[in-house]
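Student:
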Amino acid sequence: TAIKNLGYLTQNFLQPLRDKLGKAILILSGYRSELVNQKVGGSSTSQHKYGQAVDIQVTGMSPLQLFFYIKESGLDYDQLILERTKKAEWVHVSYTKHNRHQALRYINGVYTLD
Numbered sequence: 002t003a004i005k006n007l008g009y010l011t012q013n014f015l016q017p018l019r020d021k022l023g024k025a026i027l028i029l030s031g032y033r034s035e036l037v038n039q040k041v042g043g044s045s046t047s048q049h050k051y052g053q054a055v056d057i058q059v060t061g062m063s064p065l066q067l068f069f070y071i072k073e074s075g076l077d078y079d080q081l082i083l084e085r086t087k088k089a090e091w092v093h094v095s096y097t098k099h100n101r102h103q104a105l106r107y108i109n110g111v112y113t114l115d
């Protein structure tokens, strides 16, 4: 199931984003097993465990720029989250068959709707 979901995510979001940007996308995190998800402190309901989510960056764009680019791009997504900790910043994107188009910011442990 996770492999099938990664195929949907790639075909319906990642490749279209890459085509629009004309740049490579750096995938920081994709599928995670339950054990790996626990070890990295992921949510128990993380879509990474089902192959439905990736954490990404794009060279030459700040995560904030990438977040707004995706939000305004017209691309289909389930959740778009600008994630920022004291150590790093990235964009989380998920894709499912029933996308919510939910944009959030996760700053130092607190979620807010964008």
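First residue of the sequence shown: 2, per our numbering; consecutive thereafter.
Think of the CB as a built atom: it goes at the ideal place given N, C-alpha and C, for glycine as much as any other residue.
Owing to the predicted nature of the structure, the values given are computational and were not obtained by experimental measurement.
(1) Between Y96 and D115, is the Cβ-Cβ spacing less than 9 Å?
(2) Answer yes or no: do V108 and L83 have a C-beta to C-beta separation smaller than 9 Å?
(3) Where does T11 fall in DSSP's three states?
(4) Can you give me the start and stop residues for the beta strand (DSSP E) that N80 sits inside?
(5) Using a 10 Å radius around the Cβ and a threshold of 16 neighbouring Cβ atoms, would you call V92 buried or exposed?
(6) Measuring alpha carbon to alpha carbon, tell me which residue in A104, K50, H102 and M62 is nearest S30.
(7) Taking the beta carbon of S47 as the centre, do at least 16 other beta carbons fall within 10 Å, making it buried, or is it exposed?
(8) With distances taken between CB atoms, is the gap from L10 to Q53 smaller than 9 Å?
(9) Which one of D79, N13, R85 and G43 has the shortest CA to CA distance from S63?
(10) If you draw a straight line from the C-alpha of G8 to the C-alpha of V111, how long is it?
Tutor: In brief:
(1) Result no, Cβ atoms of Y96 and D115 do not sit closer than 9 Å.
(2) Before going on, a small fix: residue 108 reads as Ile here, not Val. L83 sits close to I108, with the two beta carbons spaced by under 9 Å.
(3) Per DSSP, reduced to three states, the secondary structure at T11 is helical.
(4) The residue you asked about is not Asn; residue 80 is Gln in the sequence shown. Run containing Q80: Q80 to R85, per the beta strand (DSSP E) assignment.
(5) Buried.
(6) Checked all of A104, K50, H102 and M62; the closest Cα to S30 is K50.
(7) By the 10 Å Cβ count, S47 comes out buried.
(8) In this structure, L10 lies near Q53, with their beta-carbon atoms less than 9 Å apart.
(9) It is R85 whose Cα lies nearest to the Cα of S63.
(10) Looking at the backbone, the Cα of G8 and that of V111 are separated by about 30 Å.
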